[in-house]
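Its first residue numbered 65, the sequence shown is counted upward by one per residue in this note's numbering. Notes for the one structure printed next.
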Amino acid sequence: MTALLLALVAAATPVPGETCVYEAVPAGSRGAIADAVLAKRLRGSPVEAVLQKATDGCARQHGWTVQQALHANGHAMMRVGAERIAEQLGRPGWSGIAMTAVRLRPREQLETLVTVGKGKAEFELVLTHMIAADRGIAAFVDASDNATVERFILMIKLLAVGELERLRLAEAPAFLSAPGGLMPGTADAR
């Protein structure tokens, strides 16, 4: 019970700038970033610079350390990846429903959920919350082939990883900052 209460407090407590990177990425670039993330080909891609510029701007604005900037970047990447999958499934609103359900889970359950080969019980808890929000999800999952269900599960796992990154953003120590709070290797890092 205590873990659930702590999860509810963490979900309700906004992290300063937690959506800054996501919001700083132009909406027209989010799809390309999502495609690069899902293909595991973000490094060296043309959209990497767009994401890095958004992250650097938010790091300056919020005074983040390098570690905090990396966590905010990870949160944004997982969110756009999950949104892209929801769009591909023809249900764009489901990423928001899944994000809400994921935020209600205790951290330990999220860590289990994102572990490869584990997390079935945790996934079922998230799915139960999602079905309570939209009854069409159960029918969709039941009627879908294995590949589609795997994409649906990936959407939820990406959001769980993103939520862990959001929580780490708040916990990241302040002493790891690069000069100016920017990510190393950026054009305007001092």
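A virtual CB, placed ideally from N, CA and C, is assigned to each residue, including glycine.
Assignment of alpha helix (DSSP H) within the stretch 169-216, counting only whole runs of 4 or more residues, yields 171-177, 184-197 and 200-207 in chain order. In the DSSP assignment, PRO110 falls within the unbroken alpha helix (DSSP H) covering 110-126. A Cβ-Cβ separation of about 6 Å places PHE216 in contact with VAL205 under the 8 Å criterion. Taken through DSSP and simplified to helix, strand or coil, GLU82 comes out as coil.
Per DSSP, LEU102 is one residue of the alpha helix (DSSP H) stretching across 91-102. Straight across, the Cα-Cα distance linking SER159 with ASP198 is about 12 Å. For the set ALA150, SER208, GLY200 and THR129, the Cα lying nearest the Cα of LYS221 is the one of ALA150. For the set VAL213, PRO80 and CYS84, the Cα lying nearest the Cα of GLN152 is the one of VAL213. In the structure shown, ARG230 falls within a helical segment according to DSSP collapsed to helix, strand and coil.
For the pair ALA146 and MET219, the CB atoms are nearer than the 8 Å cut-off. Ranked by how close their Cα comes to the Cα of LEU228, the residues GLY92, THR83, GLU87 and ARG167 have ARG167 in first place. Scanning its chain for C-beta atoms nearer than 6 Å, with the 5 sequence neighbours on each side dropped, one finds around ASN137 the residues VAL85 and THR119, in chain order. Around the beta carbon of ARG107, fewer than 16 other beta carbons sit within 10 angstroms, so the residue counts as exposed. Counting of Cβ neighbours within 10 angstroms places GLY157 among the exposed residues, the total staying below 16. Within the same chain, Cβ atoms closer than 8 Å to the Cβ of SER208 are found at PHE216, the five residues on either side in sequence being excluded. With respect to GLN132, LEU233 sits close: the two C-beta atoms are nearer than 8 Å. For a cut-off of 8 Å, the C-beta gap from VAL89 to ALA140 is around 7 Å, short enough to register as a contact.
If you draw a straight line from the Cα of VAL144 to the Cα of GLY95, it comes to about 7 Å.
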